[in-house]
Every structure is written in structure tokens, then in C-alpha cells.
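>
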Amino acid sequence: MKRLMLCEEKGRLLDAYVTTTDRQAEAVKSLFEVAAKDNRRAFRKALAHSERARQDAEQARLALHLHSKTHGC
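In this note's numbering, the protein residues as written are 170 to 242.
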């Protein structure tokens with residue numbers, strides 16, 4: 170049976186990706202809750218937070234992908 174081995178950097182990048190996607194999920198949940206209250210200012214703030222979280226998660230995903238591609242792990 171072949172075992173999957175992760176290098177230290179890939180493990181760090183994977184942890185960062187999991188953290189950022191968790192933050193993104195929380196931001197979307199908050200956005201949903203604010204949307205139900207019909208407060209435009211709070212909604213815009215939550216939307217901006219959600220978008221920043223999405224961008225952070227995307228950057229983390231790309232870093233993980235690039236590392237895997239260049240390092241071969």
C-alpha cells in the first residue's frame with residue numbers, strides 16, 4: 170500500500186488553507202445572518218469581510234497548488 174507523505178511546507182500550507190476556508194465559512198454565515206436583519210451598512214461591512222476571506226482562501230489554495238506542482242509532493 171502506498172502512503173501519502175507530506176513535506177513540512179505542504180503541511181503548513183494545507184493548515185493555512187484549512188484555516189482560511191474555515192474563516193470564509195464563518196464570514197459567509199455572518200453575511201447570511203446580517204442579510205436577514207435588513208441593515209444595509211452592516212450588510213456591506215459583512216460582504217466586504219466575506220470577500221476578503223474568500224480572497225485569502227483563494228491565495229492559500231493557490232500557494233498550496235503551486236507548492237505541490239513545483240515541489241512534486
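We put the beta carbon where it would ideally sit given N, CA and C, even for glycine.
#1: Hey, could you find the ends of the alpha helix (DSSP H) A204 is sitting in?
#2: Just how far apart, CA to CA, sit M170 and G180?
#3: Would you check if the region 208-217 and the region 183-194 touch, i.e. whether three or more CB-CB distances between them fall below 8 angstroms?
#4: Count the other C-beta atoms from every protein chain shown that fall within 10 angstroms of the C-beta of A194, then say buried if there are 16 or more, exposed otherwise.
#5: Out of F201, A226 and L182, which has the shortest C-alpha to C-alpha gap to K214?
The answer reads as follows:
#1: What you label residue 204 is simply residue 35 of the sequence shown in a count that begins at 1. Start and end: E177 to A204.
#2: As a first step, residue 170 is located in the sequence shown; it is residue number 1 there, counting from the start. As a first step, residue 180 is located in the sequence shown; it is residue number 11 there, counting from the start. Confidence at M170 is low in this model, with a pLDDT of 49, below 50, so its placement is unreliable and no value can be given for it.
#3: The region 183-194, when compared against the region 208-217, does not touch it at the 8 angstroms Cβ threshold.
#4: In the sequence shown, the residue the question calls residue 194 occupies position 25. Exposed, by the Cβ-count rule.
#5: Taking the first residue of the sequence shown as position 1, residue 214 is located at position 45. Ranking the options by Cα distance to K214, first place goes to F201.
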